[in-house]
Amino acid sequence: RPHVPLVVAQEFLDLFDLDDMALTDSLRATLIADLADVSDAAKAVMAYEDGVITDGRMKYLVDHAEAIDPVNGPVTAWKDLIRHYLASVAQSDRILGRLLDALDASPYADNTVVVVWGDHGWHFGEKGWFGKTMLWDESTRTPVIIRPAGSASALTPSELRRQPVSLVDVYPTLAAMAGLPIPEHVEGADLTPLLADPAASPVSTALTTMGLDDHTLLSTARRYLRFDDSLGEEELYDI
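Each residue of the sequence shown is one higher than the one before, counting from 716 in my numbering.
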């Protein structure tokens, strides 16, 4: 969690009120307007032609919502999807909290490293895309939370470091934290310097691949995308 199907206990849905979500514009117009600056290669992936999305999740969701309520259906459905996702996150947070409380009350609190990560991010209509499998930030950004054993980290629980890392960094980081040699064949970087010193220099970049020869590379300042299909197009963002 969070993951589809977004079936969540009612107590977590009750934490999020649809009326608190300020989404009032025409959903179809809003999402399609967000496509003006993307490459033709990305539009081909999305089945976007001549101002119309002809296939994919967004088309199915919006068409279905409009069939139920031609005026308010799309925005209501969008809000409800986000509400269920947030509730699913809250449910996961509760479960993780119970696990950590039990660990902290056990004899293993001072010698157990906890790592929480996800395998992909999620779009909620940004640039007309719902779900994963895209090279933009919403799809490729995943949670990576590392809690060292005891008080080995110099980071406070509320401190956020905006430093791109990669899931392939988890293996060498755990090996280093366990005092084990990092095998030569392992890719990725040891992230322990970042845990020990919030001001440490970057040690990693994030490379994500989607299909054959479609890549994105993220640094602290730029995101670069390459769609290596017949169009051979690239996107570069100043972040």
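Where a beta carbon is used, it is the ideal one built from N, C-alpha and C, also for glycine.
8 Å contact criterion, which residue i and residue j should meet: CB distance rounded
i      : j      : result
Glu910 : Val828 : First, the amino acid is wrong: residue 910 is Leu here, not Glu. Actually they are not in contact, since the Cβ atoms of Leu910 and Val828 sit about 10 Å apart, beyond 8 Å.
Ile797 : Met736 : 6 Å
Val880 : Val901 : Rounded, the Cβ-Cβ distance is 15 Å, inconsistent with contact.
Trp851 : Lys842 : 6 Å
Asp953 : Arg941 : Asp953 to Arg941, Cβ: 17 Å. No contact.
Gly840 : Thr855 : Their Cβ separation, rounded to whole angstroms, is 17 Å, which puts Gly840 and Thr855 out of contact at 8 Å.
Asp905 : Pro887 : 5 Å
Val777 : Leu721 : Not confirmed; about 18 Å, so no contact.
Beta-carbon proximity list for residue i, same chain, < 8 Å, skipping 5 on both sides
i      : result
Leu818 : Ala824, Thr827, Val829
Asp834 : Thr857, Leu882
Ser821 : none
Pro896 : Ala890
Ala936 : Asp953, Ile954
Arg877 : Thr935
Leu927 : Asp943
Lys847 : His835, Gly836, Trp837, His838, Ser854
Sequence-distant residues of the same chain with beta carbon closer than 7 Å to residue i, five excluded per side
i      : result
Phe727 : Ala802, Ala805, Gln806
Lys774 : Ile768
Leu738 : Val790, Trp793, Lys794
Met892 : Val828, Pro863, Thr907
Gly771 : Met761, Ala762
Asp734 : none
Thr920 : Pro879, Leu932, Leu933, Ser934
Ala724 : Gln806
Coarse secondary structure for residue i, derived from DSSP in three states
i      : result
Thr907 : helix
His779 : helix
Ala762 : coil
Ile954 : coil
Asp732 : coil
Ala914 : coil
Val723 : coil
Arg716 : coil
Leu742 : helix
Ala757 : helix
Neighbourhood of residue i by C-beta, 6 Å cutoff - its chain only, sequence neighbours within 5 removed
i      : result
Ser754 : Glu948, Glu950
Leu730 : Ala805
Thr923 : Thr855, Thr931
Glu764 : none
For residue i: DSSP bridge partner residues
i      : result
Asp749 : DSSP lists no partner for Asp749.
His930 : Thr924, Arg941
Glu949 : Arg941
Val767 : Glu764
Query raised in the report: Which runs of the alpha helix (DSSP H) fall wholly inside the stretch 826-901 and span at least 4 residues, in chain order?
Result: 852-855, 885-892
Report task. Only counting runs of 4 or more residues, tell me where the alpha helix (DSSP H) segments fall wholly within the stretch 783-827, in order along the chain. Result -> 788-819
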